Structures are given as structure tokens and as C-alpha cells.
Amino acid sequence: HSTQTLPFAPLTGLFDTESSLARLANLQSPSFAVWLTELTRLFPHIRDLRPDLPAAIPVPPQEERRRLLEALAQTLRALTTDTLILFIDDLHWADQATLDWLTYLTDRLGEEPVLLVCAYRATDAPPAVEQQIARWSRDAAVQRISLAPLSLAESTALVHALHSRQADWDEAMIQHLHTQSGGNPYYLTELARVYPESTPAPLVDLLDARLVGVPDNALRLLQIAAILEPTISFEMLHQVSRQTEDDTLDALDDLLEIALLVEKGERYEFAQPLVARIVRDKLSAPRRKRLHRDVAEQLRITFASDLDHMAGQLAHHFAAAGNDAEAVRYAERAAEQATQIGAVVEAANFYRQAYGLDPTPDRQLELGHALMQVPGGVEEARHALQQAFEELEAGQDQKGIAKAGLRLAFSFLSTEEGEEVLYWAERIQGLSAPTDSVDVRATIEYLMAAGNLHRPNAMAEADRHYSEATRLA
Numbered sequence: 012h013s014t015q016t017l018p019f020a021p022l023t024g025l026f027d028t029e030s031s032l033a034r035l036a037n038l039q040s041p042s043f044a045v046w047l048t049e050l051t052r053l054f055p056h057i058r059d060l061r062p063d064l065p066a067a068i069p070v071p072p073q074e075e076r077r078r079l080l081e082a083l084a085q086t087l088r089a090l091t092t093d094t095l096i097l098f099i100d101d102l103h104w105a106d107q108a109t110l111d112w113l114t115y116l117t118d119r120l121g122e123e124p125v126l127l128v129c130a131y132r133a134t135d136a137p138p139a140v141e142q143q144i145a146r147w148s149r150d151a152a153v154q155r156i157s158l159a160p161l162s163l164a165e166s167t168a169l170v171h172a173l174h175s176r177q178a179d180w181d182e183a184m185i186q187h188l189h190t191q192s193g194g195n196p197y198y199l200t201e202l203a204r205v206y207p208e209s210t211p212a213p214l215v216d217l218l219d220a221r222l223v224g225v226p227d228n229a230l231r232l233l234q235i236a237a238i239l240e241p242t243i244s245f246e247m248l249h250q251v252s253r254q255t256e257d258d259t260l261d262a263l264d265d266l267l268e269i270a271l272l273v274e275k276g277e278r279y280e281f282a283q284p285l286v287a288r289i290v291r292d293k294l295s296a297p298r299r300k301r302l303h304r305d306v307a308e309q310l311r312i313t314f315a316s317d318l319d320h321m322a323g324q325l326a327h328h329f330a331a332a333g334n335d336a337e338a339v340r341y342a343e344r345a346a347e348q349a350t351q352i353g354a355v356v357e358a359a360n361f362y363r364q365a366y367g368l369d370p371t372p373d374r375q376l377e378l379g380h381a382l383m384q385v386p387g388g389v390e391e392a393r394h395a396l397q398q399a400f401e402e403l404e405a406g407q408d409q410k411g412i413a414k415a416g417l418r419l420a421f422s423f424l425s426t427e428e429g430e431e432v433l434y435w436a437e438r439i440q441g442l443s444a445p446t447d448s449v450d451v452r453a454t455i456e457y458l459m460a461a462g463n464l465h466r467p468n469a470m471a472e473a474d475r476h477y478s479e480a481t482r483l484a
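For the sequence shown, my numbering assigns the number 12 to the initial residue and increments by one for each residue that follows.
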């Protein structure tokens with residue numbers, strides 16, 4: 012990007028190296044010496060290798076420019092013996108002198124075996140580049156190839172090709188990199204280079220460059236979109252930004268034009284989710300909290316008739332806004348909703364969030380109960396239930412103790428550990444107030460029956476407890 016103001020930047024990068032200059036100096040053709048002399052205007056070091064070159068002939072500025080353009084064209088011709096393939100990357104950052112030379116080159120060598128390949132980002136292309144491409148199109152001299160984002164398979168191949176010595180790239184890691192990069196090869200390469208560390212600095216710099224000249228209202232809309240991500244709608248952008256509908260549309264068009272956001276039906280997404288993370292990270296802490304609060308309040312207004320389905324998002328935004336009380340309330344509501352639809356992992360995560368924000372024994376009890384439903388979550392569930400039991404016992408909460416103890420008993424029943432089931436059932440049976448409840452007494456009898464089923468020679472004892480449980484039920 013910084014080379015836009017440097018004349019012939021791509022060409023100086025190509026030729027101004029020790030090996031390239033040595034190849035040029037070794038071209039002994041008398042006719043080419045004229046063009047080498049012209050090249051000394053750009054590459055004075057050529058004279059160190061070819062002190063025999065004549066001095067450049069003083070000519071008018073316009074003629075000097077034409078001779079330099081011709082010298083560059085003749086140099087490429089002299090360095091190749093067959094088809095010339097010239098690749099210029101990031102054409103959208105090309106300086107005007109390079110664009111002028113490309114025009115000259117295609118006119119001058121149009122009938123020769125020359126293939127010019129240019130890669131550019133249309134969203135960042137200045138008018139001069141667009142005009143040049145339009146000119147080539149009119150002359151039927153150009154073929155456009157739109158590059159789609161890399162597929163997951165292509166991203167996998169690229170990561171393995173770049174990091175062949177790193178054998179521990181698993182599918183989940185590459186899937187994460189692919190998602191964050193949006194299939195952009197450069198983003199993917201940089202992410203893989205530093206993974207699992209923080210965002211690569213070059214990508215932050217790249218985003219800063221892309222945002223130069225973007226109107227303030229579009230930048231604010233981008234910040235709101237980053238807070239809303241991954242669920243971005245025009246309605247929420249409009250309401251949270253507090254702009255007029257037309258101003259919101261204009262700002263949204265600006266973000267779509269530079270391909271930071273893309274349309275997905277009636278929703279919007281970041282072309283590279285990593286960009287959303289960078290935008291969020293660049294916000295000051297007070298600004299980030301304020302935006303999360305604004306989003307949470309607007310969600311509560313917009314979806315007032317369906318808050319259960321928005322509870323998870325509300326919990327996230329209120330937590331990020333620093334409103335722990337509301338975050339806990341909606342996290343528990345989201346956990347209940349997830350439990351009802353059988354989303355046991357999500358339910359456990361929401362209970363974990365609620366407990367993390369306000370760690371009470373009752374919340375740890377609910378977390379333990381939810382973890383019991385998660386495949387492979389038994390040990391973590393027991394740990395949570397045991398901690399809750401101890402805290403409730405220390406607080407002499409008899410009903411809470413009974414609830415925790417019974418859930419611990421059921422946790423051992425699920426793994427057919429009869430002795431542990433009986434231990435917890437008998438421990439709760441020894442409490443006074445909780446066992447006054449018929450339901451609690453029936454549950455204890457059921458657990459003691461089930462526990463005895465997993466003990467040798469205890470069938471009669473199991474039958475007795477089953478009969479009592481049936482009578483109480």
C-alpha cells in the first residue's frame with residue numbers, strides 16, 4: 012500500500028536485486044546497451060557492473076519518459092527467450108507510472124507472446140485502475156477471472172503446504188482458521204502463521220488501510236455490526252445506530268462496497284469473521300460496553316414477544332455490558348429453553364455462564380444437574396454437585412442439601428454404582444425437615460431400591476423399598 016506514491020514500484024522490486032541486475036549487466040548485445048543506459052535512470056547500480064555504458068543523452072522530459080518505458084519493455088523482452096509471463100499482484104495499489112507503463116507494454120508488445128496477469132481487489136481499485144481495465148476490455152485484450160473464496164478442502168491443502176512440518180493440524184483447527192479467514196488466502200496464511208496466538212499485526216494494519224476514507228457513520232455501523240456478529244440485521248443496525256433509515260442504508264452500502272460486509276438473504280455477515288474480532292478489539296472498553304448495552308436493550312424491545320428465543324443473545328450482551336444481574340437472568344432463561352428442546356450442551360453452557368457471573372450453590376446445583384445430561388459429563392457434574400452440597404451443608408440449607416444429595420445419588424445410579432447410591436440416599440434420609448415431603452421420601456425409597464439392585468443378594472431389600480416407594484408415590 013505504501014508503494015502507491017513510488018514510481019514503477021513493482022518493476023523496481025522486480026529488477027532492483029543483485030541477481031536481476033547481474034543478469035541485465037551480462038546482456039552484451041550492442042543494441043541493448045542503449046536501453047541499459049536508459050535503465051540507469053531507475054537503477055544507477057547498473058553502472059557499477061557496466062562502467063562501459065555511455066552517458067545518457069539529454070532529451071526533453073516527454074521523450075525521456077517514452078525512452079524509459081521502451082527500455083523497460085525491451086528489458087523484459089531481452090530476459091526471455093520464449094513466452095513472457097508477467098505477474099503483478101495488488102494492482103489496486105499500483106502507482107500511476109506503472110499503470111502508464113502497462114498501457115505502453117500492451118500496445119508495444121501486443122502482437123508478441125506476452126501474458127500479463129494482474130491480481131487486484133475490485134473493492135479497493137482506484138479510478139485509474141478501473142479505467143485501465145475498462146480500456147483493455149474495450150480492446151478485447153483482457154479476460155476477467157473472479158476468484159471465489161477458498162473452500163475448506165482448499166484451505167486445508169494450503170495450510171498443510173505452508174506448514175508441512177507441523178503434523179498436529181487437526182480438522183477442528185483448520186476449520187476454525189478457514190471460518191475466521193472467510194476463505195481469504197492471505198488472511199488464512201497469516202492466521203496459520205501465528206495460530207493459536209492473537210490476531211496477526213499485518214491483518215490489523217490491512218484493515219486500517221481499508222478503512223481509510225470510510226465515512227464516520229459507516230465506521231460506527233461497522234462497530235455495531237461487530238457487536239451484533241454473527242446475527243446482523245438491517246433493523247438492528249438501524250435502531251442501535253440511531254441514524255435515519257436513509258443514513259443507515261448509505262452507511263451499509265459503503266461497507267458492502269468495500270466488501271467488509273456481505274449480504275446473506277435478509278441478513279449480513281462479515282466477509283471474514285476475523286475482521287469483526289479486530290474491530291471489537293480496537294474499541295475502547297467503555298465504548299464496547301456501551302454498544303453491548305445498546306444492543307441488549309434494543310433486542311429486548313424488538314423481540315419483546317419472543318424473549319425466550321433471544322435469551323442467549325441477551326445474556327451475552329448484558330454480560331459484556333457489565334450488567335451481571337440481567338445477564339444471569341437471561342442465561343438461566345436460555346438454559347431452561349435449551350433444556351426444553353434437548354440442547355443439553357448449550358443448556359450446560361448457559362448454566363455455567365450464570366454460575367460464573369453469580370456463583371451461588373443453587374446455580375452450581377443447576378449446573379451439575381445439566382451436566383449430568385451431557386454425554387461424558389458425569390465426573391464434572393458430580394464435582395459441581397459435591398461442591399454445591401458442601402456449601403449448602405455449611406449454610407445449613409436443609410432443602411438444598413436434600414436436593415443436592417438426591418442428585419448425587421442419581422448420578423451414581425446412572426453408572427450403576429449401587430453402594431454410592433445407597434450412601435447418598437441414606438444420608439438424605441437422615442435429615443429431618445426435607446424428608447417430611449412425601450415426594451422426597453418416595454424418591455429416597457426408589458433410590459434405595461435401585462441401589463440394592465446393584466448389590467449381591469439384596470433383591471428382597473430392593474423389593475421392600477420399591478413397595479414403599481410405590482405406596483408413597
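Glycine residues also receive a C-beta, built at the ideal position from the N, C-alpha and C atoms. In this text, all values refer to a predicted model and were calculated from it rather than measured experimentally.
Between the Cα of residue i and the Cα atoms of the options, which residue gives the shortest distance?
i, options, result
"residue 64", "77, 71, 50", "50"
"residue 231", "218, 217, 262", "262"
"residue 312", "361, 247, 347", "247"
"residue 292", "218, 280, 385, 161", "218"
"residue 252", "272, 267, 228", "228"
"residue 401", "390, 419, 388, 384", "419"
"residue 341", "350, 335, 326", "326"
"residue 321", "242, 360, 116", "242"
"residue 152", "181, 57, 116", "116"
"residue 421", "135, 458, 127", "458"
"residue 395", "409, 370, 307", "370"
"residue 99", "121, 127, 221, 89", "127"
Tell me whether residue i is buried or exposed, calling it buried when 16 or more other Cβ atoms sit within 10 Å of its Cβ.
i, result
"residue 414", "buried"
"residue 209", "exposed"
"residue 474", "exposed"
"residue 451", "buried"
"residue 74", "exposed"
"residue 516", "Any property of residue 516 remains undetermined from this structure, which presents the chain solely from 12 to 484."
"residue 170", "buried"
"residue 462", "buried"
"residue 323", "buried"
"residue 484", "exposed"
"residue 426", "exposed"
"residue 352", "exposed"
Tell me the rounded alpha-carbon separation between residue i and residue j.
i, j, result
"residue 481", "residue 468", "22 Å"
"residue 43", "residue 107", "26 Å"
"residue 114", "residue 81", "12 Å"
"residue 141", "residue 233", "26 Å"
"residue 260", "residue 285", "24 Å"
"residue 118", "residue 70", "23 Å"
"residue 386", "residue 223", "49 Å"
"residue 156", "residue 59", "43 Å"
"residue 15", "residue 104", "Reliability fails at residue 15, whose pLDDT of 44 lies under 50, so the model's placement of it is uncertain and the value that follows must be treated cautiously. Residue 15 and residue 104: Cα-Cα distance of roughly 5 Å."
"residue 46", "residue 85", "7 Å"
"residue 388", "residue 186", "25 Å"
"residue 466", "residue 456", "16 Å"
"residue 133", "residue 34", "35 Å"
"residue 244", "residue 278", "5 Å"
"residue 220", "residue 236", "19 Å"
Leaving out the 5 sequence neighbours to the left and right, which residues in its chain are closer than 7 Å to residue i when beta-carbon positions are compared?
i, result
"residue 403", "372, 411, 412, 415"
"residue 303", "238, 328, 331, 332"
"residue 288", "210"
"residue 258", "228"
"residue 454", "417"
"residue 431", "423"
"residue 477", "460"
"residue 391", "382"
What does a CB cutoff of less than 6 Å around residue i pick up in its chain, not counting 5 residues either side in sequence?
i, result
"residue 374", "365, 366"
"residue 362", "346, 377, 378, 381"
"residue 213", "201"
"residue 166", "189, 199"
Taking residue i as part of the beta strand (DSSP E), name the residues at either end of that continuous run.
i, result
"residue 279", "278-281"
"residue 274", "272-275"
"residue 225", "Careful: residue 225 lies outside any beta strand (DSSP E) and carries neither H nor E."
"residue 128", "125-129"
Do we get a CB-CB distance below 8 Å when we pair residue i with the residues of chain D?
i, result
"residue 340", "Here chain D cannot be found, since the structure has a single protein chain."
What are the start and end residues of the alpha helix (DSSP H) that includes residue i?
i, result
"residue 455", "449-464"
"residue 99", "From DSSP, residue 99 is part of no alpha helix (DSSP H) but of the beta strand (DSSP E) over 95-99."
"residue 290", "284-293"
"residue 132", "Careful: residue 132 lies outside any alpha helix (DSSP H) and carries neither H nor E."
"residue 361", "355-368"
"residue 109", "107-119"
"residue 412", "409-424"
"residue 429", "429-440"
"residue 160", "Run containing residue 160: none; DSSP gives neither H nor E here."
Short of 8 Å in beta carbon distance, which residues of its chain neighbour residue i, apart from the five on each side in sequence? Order them along the chain.
i, result
"residue 66", "48"
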